[in-house]
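K.L.:
In our numbering, the protein residues as written are 59 to 365.
The structure that follows is given in the form of structure tokens.
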Amino acid sequence: MAFWEKITNRFAKSSAFFAVGIEFGQQALLISVITRQQNRLQWLLQQRLGIDNWQQSLAKWVKQHHAADTPCHVVFSTNRYQLMQVDRPAVEEQELVQALRWSAKELLSSNEEMAVDYFDLPAQPTGSNKVNLVAVPMTLVKEVSEGIIHADLDLQSIGIEELSQCDLLEPTDQAQITLLQEPGEEVCLSIIRQQKLYFSRRLKGYEQLSTYGLEQIQQGIAETLSLEIQRSMDYFESQLRQAPAKQLLICIDTPFLDELSQTLGQMLMLETHLLETNIDKAEGLRISPDTITSLSAALRQRNGAVA
């Protein structure tokens, strides 16, 4: 997917930091900074900047933290783009993006100019030939690109949440199911193997999850989520012809995350954990719905950089 391709900055200098990851949300920019010392990565800083006048705020933040020329990866939050599965146009590879622009124009019913790209999934049902189309307002892509470069960060990539989470996980032959949720947003259910996205869908109706009590979580919410997960597992095994997933990783917007994780594990008979990463963390930093996307963005540098 070309959103992930490196945007070259020939004049970039070395930086004291290894990478900056930015989640570009509806209300704020969430920033994660990681360093590398003796081949160990450390999550060093986390920052939130309001969306109003974000370009000036970001430039000021970069100057204050001496972060100029740090490799930077940006991920749009789910409310900033549209993702859909469409039939793959019968054209040559080099003509595919142009053909998909016409598909997007028909499907989106919007007069706004969109930046369109796509990515393939590693496995599809028999007889299926589809691609995942991503559409982002062109004005937004331009605004973000110019703002990041103006702030003196070394812009490497712009991506989406579904793909970004793959960079947080360690590569493994065993399929992993993830349940991720940004505060107040839909739940994103994905199945990942060897850091490749095999399946993803968004679950509506959970936007107010943070307001629910423990009893609601352990009974109604856990039951409906377990049904959605089971359906997705069945599809993964029967339609995509993949070995069963054995592990469920969770990062959801609820104060009862431990209880939900335990209940889902019992219902599904899966090894269930709160989503974590193996890098070091500065005191006070933890993975949460507020930090997971920006941290995943920063870790893109680990997977794309030369050790």
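Cβ atoms here follow ideal geometry from the backbone N, Cα and C, with glycine treated the same way.
Does the Cβ of M291 have 16 or more other Cβ atoms within 10 Å, making it buried, or fewer, making it exposed?
P.N.:
Per the 10 Å Cβ criterion, buried.
K.L.:
Is it buried or exposed, M172, if we count other Cβ atoms within 10 angstroms and call 16 or more buried?
P.N.:
Buried: at least 16 other Cβ atoms inside 10 Å.
K.L.:
With C-beta atoms as the reference, is T321 less than 8 Å away from A280?
P.N.:
In this structure, A280 lies closer than 8 Å to T321 by Cβ.
K.L.:
From the DSSP output, read off the bridge partner residues of G217.
P.N.:
V133.
K.L.:
Could you check the C-alpha separation between G79 and E170 for me, to the nearest Å?
P.N.:
Rounded to the nearest angstrom, the two C-alpha atoms are 28 Å apart.
K.L.:
Using the C-alpha atoms, what's the distance from W160 back to L343?
P.N.:
Their backbone Cα atoms lie some 44 Å apart in a straight line.
K.L.:
What do you get for K64, buried or exposed, if any count of 16 or more other CB atoms within 10 angstroms of its CB means buried?
P.N.:
Its pLDDT being 49, under 50, K64 is placed unreliably in this model, and the value from its coordinates should be taken loosely. It counts as exposed.
K.L.:
Here's a check: name, in chain order, each residue in its chain whose Cβ is nearer than 6 Å to the Cβ of Q100, leaving out the five neighbours to either side.
P.N.:
T93, D338.
K.L.:
So, L205 versus Q113, is the Cβ gap smaller than 8 Å?
P.N.:
The sequence shown places Gly at residue 205, not Leu. Yes, the pair counts as a contact, with Cβ atoms nearer than the cut-off.
K.L.:
Could you give the DSSP three-state label for I250: helix, strand or coil?
P.N.:
In the structure shown, I250 sits in a strand (DSSP, three-state: E or B).
K.L.:
Taking its Cβ as the centre, do 16 or more other Cβ atoms sit within 10 Å of L285, making it buried, or is it exposed?
P.N.:
Classification for L285: exposed.
K.L.:
Residue ranges of each beta strand (DSSP E) run of no fewer than 3 residues wholly in the stretch 98 to 155, ordered along the chain?
P.N.:
For the stretch 98 to 155, whole beta strand (DSSP E) runs of length 3 or above, ordered along the chain, are 98 to 108, 129 to 134, 140 to 145.
K.L.:
Give the list of continuous beta strand (DSSP E) stretches no shorter than 3 residues that lie fully inside the stretch 171 to 227.
P.N.:
Whole beta strand (DSSP E) segments, 3+ residues: 172 to 177, 188 to 195, 212 to 218.
K.L.:
Run through the stretch 249 to 329 for me and flag every whole alpha helix (DSSP H) of 4 or more residues, listed as ranges in chain order.
P.N.:
For the stretch 249 to 329, whole alpha helix (DSSP H) runs of length 4 or above, ordered along the chain, are 280 to 296, 315 to 326.
K.L.:
Can you give me the Cβ contacts of L255 inside the same chain, cut-off strictly under 7 Å, excluding the 5 residues immediately before and after it?
P.N.:
For L255, where only same-chain residues beyond five positions count, the Cβ hits under 7 Å are L179, E220, L221, C224, S248.
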